[in-house]
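**Student:** Just so we're aligned, residue 4 is where the sequence shown starts under our numbering, counting upward by one.
Glycine included, each C-beta is placed from N, C-alpha and C at the ideal position.
From a predicted model like this one, the values you see are computed outputs, not experimental measurements.
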Amino acid sequence: MRTAVVILNWNTRTYLQAFLPSVVAACRELGEDPATGLPCAEAVVADSGSTDGSDALMAEAFPDVRFLPLGANYGFTGGYNRALAALDGFDCFLLLNSDILVENGFLTPLCDWMQAHPDCGVCGPKLLALEQDGKEWRKTTRFEYAGAAGGLLDRFGYPFCRGRVLSRVEEDRGQYDTPARVLWVSGACMMVRSSLWKDLGGFDDRFFAHMEEIDFCWRAAHAGWKVTVVPQSKVWHLGGGSLPQDSPFKLELNYRNNLLLLENNLAAEACARGCSPKRAQRSARCAIFRRMLLDGCSAVVYLLRGRFSACRAVCSAHRQFRKLRRGVPVPEGPRPAPAEGLFPGIVILQYLKQNENHH
C-alpha cells in the first residue's frame, strides 16, 4: 500500500521542526517496494501560504521532503483537496496534523489493515494527548479530545468519541485495544484510499475546518465502505495548534459545520434504513430544525452566563449555514449503505450518567 503522509501546514514552523523528523523516520522504516523501487511511504508537506518561515525551514532542514506550496490558506478542507489532487501514484493518503508526534511502527498497522481489509475505506489510529512541558514534549496515557479511539454521533447529531464524552476524557487502559468500526476517525490522523478520496470528491470545501472528516467518513459509509479505528497504531496529538479551544471562530465553525454535516447525510441515512427518498428528506429537514432549536437554547445559556462572544458565534453560525446550505438532497440511485457508530441515545444524558457513576 504505497502511502503519502501529507501534513497541511499553516504557520506551524515550530511543530514541523519538532515533529517532522519522527514522521520522516517512520516513513523510511517501511523501506522500498521491491517491484518499483519507490518508497512505500513518503512524507509530503503542503503549505497554506505560511508567513513564519516554514518554507525556509523545509529547504534548510528537510530538503528531501516533498514541499507543496499552495500559495494561500484555503482551510483544512480546501488545502487538502488541492494538495491531494497534486499527488499521483499512491494507494492511500494519510492526513496528518503538524502537531502530532509519531513513533516508528505507527504506519505498519494502518497499512496492513488496509491491505488485509479491501472493504475498509478509512482507518485511523488511537489518539493520545501530547503535552508541552517547557521546551519538552510529554506523551501521556490520556486519550486526546479530538479523536480518542474513534468517533460516534448521537441521535441529535452531536459528535463524541470512544474515550471522550463531552469534556470527560478517559485514561487509556487498553479498553479500546480491539479494532472496531466507528462512524468517523479524526482528521488529525486519517488514512483513506486514494480511489475513495477521488470518488467522493475529497472534503466538502464549505466546511473550511472542523467536522469535515465526520462528513467524509459518513459519506464513505453510505458508499458501502467501512470506517475502522486500528488501535495497534497510536500517535500523540497536541491539539489546538491552529485554533485554541476557547476561540469564538472555532465555536462558530463547529456549530455551522454540524448543521452542514446533518444536511449532507441525514436523508441518505434514513433512506439506508428503509425510508422512501421523499420521506427521508422530510425526516432530515425535521431533524435539522430540531437541532437548530437546540442550538438556540445553547446560545441563550451562553448569554445568561455572560459569554457574549460564544452567543454571537452561535448566531453567526446559523447565518452562515443559511448562506451555504444547498437544501437536503433527495437520495437517488442505489439505496445507500447504513453507517456504523450512530448512537441512539443522547450524549448529554450519557455524560451525566457517567458523572453520577464517577461520584
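So, for PRO334: in the same chain, excluding its five sequence neighbours on each side, which residues have a beta-carbon less than 7 Å away from its beta-carbon?
**Tutor:** ALA270, ALA271, CYS274, PRO280 and ALA283
**Student:** Check whether the stretch 184 to 193 and the stretch 86 to 94 are in contact - that is, three or more C-beta pairs closer than 8 Å.
**Tutor:** no
**Student:** Would you mind listing the beta strand (DSSP E) stretches within the stretch 257 to 303 that are 3+ residues and don't spill past its ends, in chain order?
**Tutor:** none
**Student:** Mark LEU355 as exposed unless 16 or more other C-beta atoms lie within 10 angstroms of its C-beta, in which case mark it buried.
**Tutor:** Exposed, since its Cβ has fewer than 16 Cβ neighbours within 10 Å.
**Student:** Among the candidates LEU352, TYR148 and GLY154, whose CA atom is the shortest distance from the CA of ALA132?
**Tutor:** TYR148
**Student:** Between the stretch 295 to 310 and the stretch 333 to 349, do at least 3 Cβ pairs fall closer than 8 Å?
**Tutor:** no
**Student:** So, using beta-carbon positions, are ARG209 and LEU73 closer together than 8 Å?
**Tutor:** 8 Å or more divides the Cβ of ARG209 from the Cβ of LEU73.
**Student:** Terminal residues of the continuous alpha helix (DSSP H) containing PHE22?
**Tutor:** 16 to 32
**Student:** Taking the alpha carbon of ASP298 as the reference point, which residue from ALA88, ALA320 and ARG69 has its own alpha carbon closest?
**Tutor:** ALA320
**Student:** May I ask you to verify whether the stretch 7 to 25 touches the stretch 48 to 57, counting CB pairs closer than 8 Å and requiring at least 3?
**Tutor:** yes
**Student:** Taking DSSP as the reference, what is the three-state secondary structure of LEU169?
**Tutor:** coil
**Student:** On the premise that CYS192 lies in contact with ASN100, defined as a C-beta separation below 8 Å, what is that separation, rounded to the nearest angstrom?
**Tutor:** 7 Å
**Student:** Please name the residue or residues paired with TYR239 in a DSSP beta bridge.
**Tutor:** The sequence shown places Trp at residue 239, rather than the Tyr named in the question. Looking at the DSSP assignment, TRP239 forms a beta bridge with LEU104 and LEU131.
**Student:** For GLY204 versus ALA340, is the C-beta spacing smaller than 8 Å?
**Tutor:** no
**Student:** Which residue comes first and which comes last in the beta strand (DSSP E) that contains TRP140?
**Tutor:** Boundaries of the beta strand (DSSP E) harbouring TRP140: 139 to 146, taken from the DSSP string.
**Student:** Buried or exposed: PRO162, going by 16 or more other Cβ atoms within 10 Å of its Cβ?
**Tutor:** If you draw a 10 Å sphere on the C-beta of PRO162, you find 16 or more other C-beta atoms in it, and that means buried.
**Student:** Under three-state DSSP, which class holds PRO72?
**Tutor:** Strand.
**Student:** Would you tell me roughly how many angstroms separate the C-alpha atoms of SER5 and LYS142, rounded to the nearest one?
**Tutor:** Checking the sequence shown, residue 5 turns out to be Arg, not Ser. Their backbone Cα atoms lie some 29 Å apart in a straight line.
**Student:** Quick one, which of SER170, PHE22, GLN323 and ALA88 has its alpha-carbon nearest LEU60's?
**Tutor:** PHE22
**Student:** Beta-carbon separation of MET211 and ASN84 under 8 Å?
**Tutor:** Looking at the sequence shown, residue 211 is not Met but Phe. Cβ distance not < 8 Å, so PHE211 and ASN84 don't count as in contact.
**Student:** Can you say whether PHE311 is buried or exposed, counting buried as having 16 or more other CB atoms within 10 angstroms of its CB?
**Tutor:** exposed
**Student:** Who are ASN12's beta bridge partners in DSSP?
**Tutor:** Note: ASN12 sits in a beta bridge opposite ASP50.
**Student:** My output table needs one value for LEU203: the three-state DSSP class, helix, strand or coil.
**Tutor:** helix
**Student:** Given that a residue counts as buried once 16 or more other Cβ atoms are within 10 Å of its Cβ, and exposed if not, what is ASP175?
**Tutor:** buried
**Student:** Since PHE146 contacts VAL168 with CB under 8 Å, what's their CB separation in whole angstroms?
**Tutor:** Rounded, the Cβ-Cβ distance is 11 Å, inconsistent with contact.
**Student:** When we look at the beta-carbon of GLN118 and count the other beta-carbons within 10 Å, is it buried (16 or more) or exposed?
**Tutor:** exposed
**Student:** According to the Cβ coordinates, are VAL48 and CYS30 closer than 8 Å?
**Tutor:** no
**Student:** Return the first residue and the last residue of the alpha helix (DSSP H) that CYS324 is part of.
**Tutor:** Just to set this straight, residue 324 is Phe in the shown sequence, not Cys. Run containing PHE324: 311 to 327, per the alpha helix (DSSP H) assignment.
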